[in-house]
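K.L.:
Every letter in the sequence shown is one number past the one before it in my numbering, and letter 53, counting from 1, is 76.
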Amino acid sequence: MKISLRLIGCAAGLAALALTGAVAQSPESPAAFSIQFVSQFDYPGTGNQTRPQKINSTGDIAGVFVDTSGASFGFVRFGNGNFSPPIADPNATSNFTEGRGINDSRLVCGDYTDSTGAFEGFFFSHGTFTNYDIEPTFTIVLGVNNAADFVGSVIPSSGIQSGFLSIGGNVTEFTVPNATATLAYQLNRTNQSCGYYIDSGGVTHGYWRDSDGTIHAPIDPVGSTGTILFGNNDRNFMVGRYSDAGGATHGILFVPPNRFLVYDQPGATFTSLNGINRSNEIVGRYTDPNRLIDHGIILQVVRTSTGITLPLAPSSAPPAQTVPQRVVQTAPAY
24 MKISLRLIGC AAGLAALALT GAVAQSPESP AAFSIQFVSQ FDYPGTGNQT
74 RPQKINSTGD IAGVFVDTSG ASFGFVRFGN GNFSPPIADP NATSNFTEGR
124 GINDSRLVCG DYTDSTGAFE GFFFSHGTFT NYDIEPTFTI VLGVNNAADF
174 VGSVIPSSGI QSGFLSIGGN VTEFTVPNAT ATLAYQLNRT NQSCGYYIDS
224 GGVTHGYWRD SDGTIHAPID PVGSTGTILF GNNDRNFMVG RYSDAGGATH
274 GILFVPPNRF LVYDQPGATF TSLNGINRSN EIVGRYTDPN RLIDHGIILQ
324 VVRTSTGITL PLAPSSAPPA QTVPQRVVQT APAY
């Protein structure tokens, strides 16, 4: 089944793109990709909310499911369609564990809350948990690459929630200028990362950080009232979602510097694209509007002949200002 899509980008001076298995530069085609629905899945059990997060190059998916009691657990859906048992950090006394990322070695990263309600990071591999904290009151690990480098978010002593990267064991904390909170969700093999931040008005915007530390922000499609980027692949194609003024939430694929492809699951008013691998397979979720149940979806970027281009949203970043120096804890979106 192929889904009708809208391609959003700058109307003038766009670099043309084409797909030949992988997306490559091409001068002939002004808009040469679309997204095809592949399959839907749910974590086994009645009434579970299924919220996939990332997908590796062999099709293994890490994610979160929420059971009917409200307890959250991590999971892995393997490339053959089988599921792992629920992943629950042994220190998660509050029944809250989230699987957030997975690499090709099936190293899973995520977060949990302890008995005090503090967010802590973890890694899970071959049945063994390793906990990770930069700060004891708030550290979350949201993405991991094949070098076992990883990203997340932390509240440091400054009180401003920051993104962080751990590359080769060296941790770098950063914030988007004038943001009240910054979260980093994924990094690729060249250490380009992406995520979202919150401005002084409480609005979310996407951003991406280049390997040299340059931050590109805000990343918002036209009509967005709030944008989140969740994952990028080795081509730095990024996926996420945005909300519009009518209250609907749309999945997006963003290709720098200025192209968006919008995906809506048929019949749903909430669609989120959360992870993308090197083969341009996408994993995400949508909410059934009748039963209010979240279902996982697998999608594929494919070649097409045409698309519609619209302007990138103008910058809505706040002017230079002093950010309040206080702890404002933002639980990570999924």
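The C-beta atom is built at its ideal place from N, Cα and C for all residues, glycine as well.
Computed from a predicted model, the values in this text were never measured in an experiment.
(1) Evaluate contact between the region 116 to 134 and the region 91 to 108, counting only Cβ atoms and requiring at least three cross-stretch pairs below 8 Å.
(2) Comparing the CB of G263 with every heavy atom of the ligand SAM, is any distance shorter than 6 Å?
(3) Go ahead and pull the three-state DSSP assignment for P75.
(4) Pairing CB atoms from the region 264 to 281 with CB atoms from the region 188 to 195, are three or more of them under 8 Å?
(5) On a Cα-Cα basis, can you pick out the residue from Y309, Y219, G175 that is closest to T227?
(6) Sort out for me which residues DSSP pairs S216 with in a bridge.
(7) Going by beta carbon distance, what residues of the same chain come within less than 7 Å of Q76, once the five residues before and after it are set aside?
(8) Can you tell me whether P241 is helix, strand or coil according to DSSP?
(9) Go ahead and label T329 buried or exposed: buried means 16 or more other beta carbons lie within 10 angstroms of its beta carbon, across all protein chains shown.
(10) For N118, which residues of its own chain have a beta-carbon under 6 Å away from its beta-carbon, when the five flanking residues on both sides are left out?
(11) Tell me the start and end of each unbroken beta strand (DSSP E) in the region 106 to 180 that is at least 3 residues and wholly inside, in chain order.
(12) Compute the Euclidean distance between the alpha carbons of N214 and Y286, then round it to the nearest angstrom.
(13) State the DSSP-derived secondary structure class of Y286, mapped to helix, strand or coil.
(14) Any idea what DSSP makes of F96, helix, strand or coil?
(15) Can you name the start and end residues of the beta strand (DSSP E) that T12 belongs to?
(16) Out of T136, G254, T81, R314, point me to the one whose CA is closest to T116's CA.
(17) Select from G82, Q72, T327, N313 the residue whose C-alpha is nearest the C-alpha of S414.
(18) Considering R326, what are the terminal residues of the beta strand (DSSP E) in which it resides?
(19) Give the DSSP bridge partners of N259, in chain order.
(20) Does the separation of the CB atoms of S216 and R232 fall below 7 Å?
(21) Figure out for me which residue from S302, P312, N300, I178 has the closest Cα to the Cα of F293.
(22) Can you tell me where the beta strand (DSSP E) with S57 in it begins and where it stops?
(23) Whole angstroms is fine: what's the gap from V167's alpha carbon to G269's?
P.N.:
In short:
(1) yes
(2) Of the ligands one can find in the structure shown there are none, so the ligand SAM has no counterpart to examine.
(3) Indexing the sequence shown from 1 puts residue 75 at position 52. Here P75 sits in strand by DSSP.
(4) Result no; under three Cβ-Cβ pairs closer than 8 Å.
(5) Here residue 227 refers to the residue found at position 204 of the sequence shown. Here the closest residue by C-alpha is Y219.
(6) Against the sequence shown, residue 216 aligns to sequence position 193. Bridge partners of S216: L210, R232.
(7) By one-based count along the sequence shown, residue 76 stands at place 53. If we look at Q76 and ignore the five residues flanking it on each side, its Cβ neighbours are A85, G86, V87, G122, R123, G124, N297, G298, Y357.
(8) The residue given as residue 241 occupies position 218 in the sequence shown. Of the three classes helix, strand and coil, the one that applies to P241 here is strand, per DSSP.
(9) In the sequence shown, the residue the question calls residue 329 occupies position 306. Its pLDDT being 48, under 50, T329 is placed unreliably in this model, and the coordinates cannot settle the point.
(10) As a position in the sequence shown, residue 118 is number 95, starting the count at 1. Cβ neighbours of N118 beyond the five flanking positions: A94.
(11) As far as the region 106 to 180 is concerned, its whole beta strand (DSSP E) runs of at least 3 residues are 120 to 125, 131 to 136, 142 to 148, 151 to 155, 162 to 167, 173 to 177.
(12) Mapped onto the sequence shown, residue 214 falls at position 191. Mapped onto the sequence shown, residue 286 falls at position 263. C-alpha separation (whole angstroms): 27 Å.
(13) Start at 1 with the first residue of the sequence shown, and residue 286 comes out as number 263. Reduced to three states, the DSSP call for Y286 is strand.
(14) Position 73 of the sequence shown, counting from 1, holds the residue named residue 96. Of the three classes helix, strand and coil, the one that applies to F96 here is strand, per DSSP.
(15) What is shown of the chain runs 24 to 357, which leaves residue 12 out entirely.
(16) As a working mapping, residue 116 is identified with position 93 in the sequence shown. The shortest C-alpha separation from T116 is found at T136.
(17) This structure cannot settle anything about residue 414, because the visible part of the chain is limited to 24 through 357.
(18) Taking the sequence shown and counting its residues from 1, the one referred to as residue 326 is at position 303. Annotation: the continuous beta strand (DSSP E) that includes R326 extends over 317 to 326.
(19) Residue numbering aside, residue 259 sits at position 236 when the sequence shown is read from its first letter. Answer is none; N259 lacks a bridge partner.
(20) Position 193 of the sequence shown, counted from the first residue, corresponds to residue 216. Position 209 of the sequence shown, counted from the first residue, corresponds to residue 232. Going by C-beta atoms, S216 is nearer than 7 Å to R232.
(21) Start at 1 with the first residue of the sequence shown, and residue 293 comes out as number 270. It is P312.
(22) For the purposes of this step, residue 57 is identified with residue 34 of the sequence shown, where counting begins at 1. Taken as a continuous stretch (DSSP letters only), the beta strand (DSSP E) holding S57 covers 56 to 64.
(23) Within the sequence shown, the letter at position 144 stands for residue 167. Within the sequence shown, the letter at position 246 stands for residue 269. Those two C-alpha atoms are separated by around 35 Å.
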